[in-house]
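Residue numbers (this note's numbering): 228 to 676. Each remark here refers to the structure printed beneath this line.
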Amino acid sequence: MVFSSGCSKPSCPHQWYSLGTRSNEICVPLSTQWGPQGYFYPIQIAQYGLSHYSKNLTEKPPHIEVYETAEEKDRGSRAAEWTVPKGCSLSTVPDKAKFTSVKHFVAPENTEGVSLQLGNARDFIISFDLKLVTNGSISVVLETTEKNQLFTVHYVSNTQLIAFRERDIYYGIGARTSWSTITRDLVTDLRKGVGLSNTKAVKQTRIMPKKVVRLIAKGRGFLDNVTISATAHMAAFFAASNWLVRNQDERGGWPIMVTRKLGEGFRSLDPGWYSAMAQGQAISTLVRAYLLTKEHAFLSSALRATAPYKLPSEQHGVKAVFMNRHDWYEEYPTSPSSFVLNGFMYSLIGLYDLKETAGEKLGKEARLLYERGMESLKAMLPLYDTGSGTIYDLRHFMLGTAPNLARWDYHTTHINQLQLLSTIDEAPIFKEFVRRWKSYLRGGRAKHN
228 MVFSSGCSKP
238 SCPHQWYSLG
248 TRSNEICVPL
258 STQWGPQGYF
268 YPIQIAQYGL
278 SHYSKNLTEK
288 PPHIEVYETA
298 EEKDRGSRAA
308 EWTVPKGCSL
318 STVPDKAKFT
328 SVKHFVAPEN
338 TEGVSLQLGN
348 ARDFIISFDL
358 KLVTNGSISV
368 VLETTEKNQL
378 FTVHYVSNTQ
388 LIAFRERDIY
398 YGIGARTSWS
408 TITRDLVTDL
418 RKGVGLSNTK
428 AVKQTRIMPK
438 KVVRLIAKGR
448 GFLDNVTISA
458 TAHMAAFFAA
468 SNWLVRNQDE
478 RGGWPIMVTR
488 KLGEGFRSLD
498 PGWYSAMAQG
508 QAISTLVRAY
518 LLTKEHAFLS
528 SALRATAPYK
538 LPSEQHGVKA
548 VFMNRHDWYE
558 EYPTSPSSFV
568 LNGFMYSLIG
578 LYDLKETAGE
588 KLGKEARLLY
598 ERGMESLKAM
608 LPLYDTGSGT
618 IYDLRHFMLG
628 TAPNLARWDY
638 HTTHINQLQL
648 LSTIDEAPIF
658 KEFVRRWKSY
668 LRGGRAKHN
C-alpha cells in the first residue's frame, strides 16, 4: 500500500468544518466550495480522513482536558462546575449501555438550560457523548477575537445543515436518540458559520475563538465524557471512513450532489455525478480503516467502489477512452471528456491500495483496472508537458481551445504524485518526468530548435 494523504490537491478549501452525522459516529466535512447551501463532497471527506490518518502517525498525542465524566474517580482533581437554573434539573444516574454513570439533564427550551463552565483558552476540539430523549441541543459559548464578543455554536437535533443569525450558529446533528460521540472543531465551526452568505462564495472572515466559555444543554437527555483537546485525529479518520461506507450507493459510487461546470465547451455535470478521484481517495481511506480494524464492511465498500471505473461516463461511470485506445478514469466525467491529470493519478493510487490489500482473488478487478490505467498514464504523460510547466487537462485537444496550464501548486501536485507512483512502478518515464518537471520550478525550459 502506498501512502498519499492530506489536502494535497490545491483546490480543496481549508475552510472545512465538521458536521455531526445521524448515527453513532462523529463528524465529517461539509463543503461550500461550489454552493453556499452546503453539500457533502466525497473527495474532501476522503482527504479529510486521510489527512487525519497521516497526522495521527506523525504528531504527538494531544493534550486532553476532561470536564465531565460523572465518575469522580475519572475526573481527577477537577470538579465539574454546573449551573442549574430554576425549572431545570441535573442528576447523576447509572447507564446500562455504557456500564458507567452519566449526567441526566432536563432543561425545557424556554429556560436558560443547564450549563457547564469550561474556560479553556488553549484548545478548541470539543467532544462529548450524547443521547437525547426529546428534541434538544448542546450549545458551546465562545469568546472571540471579534471585539471579545460572545458567539454561540448550537448543535441541534434537526436535519438543517447550517444556519447563522446574528451571533448564533446552528448545525443540525439529527435525532441522537441512542448514544453517539460528537467531536467538533470549534475553530472551523465558528468561522464557517460566520462566513456563511447567500451567494456562491463563502465570505472570508478572520474571526477566531479565544476561549471556550461554557457548554449548555437543553431538552431532555444524557451527557457524558465532555472533553476539550488539541486534536482528535483518529476520531476524524473513522468519521470519514464510516461516512463513506454509509453513503455509498447501490452502484458502488459516491454521488456528488452539486452542479459542476468545468469550463466553456463542456456540458455541465448535473447533481448525482461520480468522480474517479472521489472513488480512488475513498478506496484509499477505506482500506486503511480495514487494515486498522479488520472490519470487512470497509473492505467490501472499497471493492464495490471499482464499479464506476468500468462504466463509460455517458453510462453514469467515470471511464473515458483517449483516441479509442487508452482507458482513463475521469475526475470530472464531462462531455466531451476532459482527461484531468491529477484526479486520474489519485484514482490509480486508490486502485493500487485496494489490489495490494484485497489479495490476488478479491483484488483481481482492481489490479486489472490499475494496470490498464498505468499503461494509459505512461503513454499519455508527454501530452501534459509544455516544456516549461504542466497542463491540467486536455481541453485544448478535445475542444480546440487554448491549453489549460496548471498553476504551480497543481504542477507541484503532479510532481508529488509521480514521485509516489515511481516508488511502486520502476518505469523510467516516471523518474524522468519528475526530474524534468522539478527543473521547471527552478526556471528550467526544454530545448528549442
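Cβ coordinates follow ideal geometry from the N, Cα and C atoms, glycine included. Predicted model only: the values in this text are computed from it and were never measured.
E336 classed as buried or exposed, judged by whether at least 16 other C-beta atoms fall within 10 angstroms: That one is exposed.
Spatial distance of N551 from D652 (CA atoms): Cα-Cα distance, rounded: 25 Å.
Stretch pair the segment 472 to 485 + the segment 321 to 331: three plus CB contacts closer than 8 Å: Contact annotation: the segment 472 to 485 does not touch the segment 321 to 331, with fewer than three C-beta pairs closer than 8 Å.
Buried versus exposed, by CB contacts within 10 Å (16 or more), D416: Classified as buried, D416 has 16 or more neighbouring CB atoms from the shown chains inside 10 Å of its CB.
Where the alpha helix (DSSP H) through R599 begins and ends: Note, R599: alpha helix (DSSP H), K591 to M607.
Whole beta strand (DSSP E) elements within the segment 267 to 326, 3-residue minimum: Runs of the beta strand (DSSP E) inside the segment 267 to 326: 291 to 295 and 316 to 322.
C-alpha distance - R411 paired with A532, whole-angstrom precision: If I take the Cα positions, the gap works out to 29 Å.
G346 - DSSP class collapsed to helix/strand/coil: G346: strand per DSSP, three-state reduction.
Beta-carbon proximity list for T512, same chain, < 7 Å, skipping 5 on both sides: Cβ neighbours of T512 beyond the five flanking positions: A273, G276, L277, A467, S468 and L471.
C-beta contact flag for G507 and G577 at 7 Å: Going by C-beta atoms, G507 is nearer than 7 Å to G577.
Residue closest to L519, alpha-carbon to alpha-carbon, out of K605, L284 and S405: Measuring from the Cα of L519, the nearest candidate turns out to be L284.
Contact the segment 307 to 316 vs the segment 397 to 406: 3+ CB pairs below 8 Å: Too few Cβ pairs lie closer than 8 Å, so no.
Buried versus exposed, by CB contacts within 10 Å (16 or more), Q387: Around the beta-carbon of Q387, fewer than 16 other beta-carbon atoms lie within 10 Å, marking it exposed.
I400 in three-state terms, based on DSSP: Coil at I400, not helix or strand.
For V368 and R669, the rounded distance between their alpha carbons: Looking at the two C-alpha atoms, the distance is approximately 49 Å.
Spatial distance of G399 from V380 (CA atoms): Take the alpha-carbon of G399 and the one of V380: they are about 11 Å apart.
Y573 burial status per 10 Å Cβ neighbour count (16 or more: buried): So Y573 counts as buried.
Residue nearest to E453 in terms of C-alpha spacing, selected from A462, E292 and G265: Reading the sequence as shown, one finds Val at residue 453 and not Glu. Out of A462, E292 and G265, E292 has the C-alpha closest to the C-alpha of V453.
Cβ neighbours of E252 in the same chain (closer than 6 Å, five flanking residues each side left out): In this prediction, E252 scores a pLDDT of 42, lower than 50, which makes its location untrustworthy; the coordinate-derived value is nonetheless stated afterwards. Hits under 6 Å: A466 and N469.
Inside the segment 438 to 522 only - beta strand (DSSP E) runs reaching at least 3 residues: The segment 438 to 522 contains no complete beta strand (DSSP E) run of 3 or more residues.
Rounded separation between T354 and N474 - CA only: Looking at the sequence provided, one finds Ser at residue 354 rather than Thr. Near 24 Å, if we compare the C-alpha coordinates of N474 and S354.
Cβ pair T617, A633 closer than 7 Å: It is a contact, given that the beta carbons lie within the stated cut-off.
Where E393 falls: helix, strand or coil (DSSP): If DSSP states are grouped into helix, strand and coil, E393 belongs with coil.
CA-to-CA distance, E558 to I678, given in whole angstroms: Nothing in the structure corresponds to residue 678, since the chain is present only between 228 and 676.
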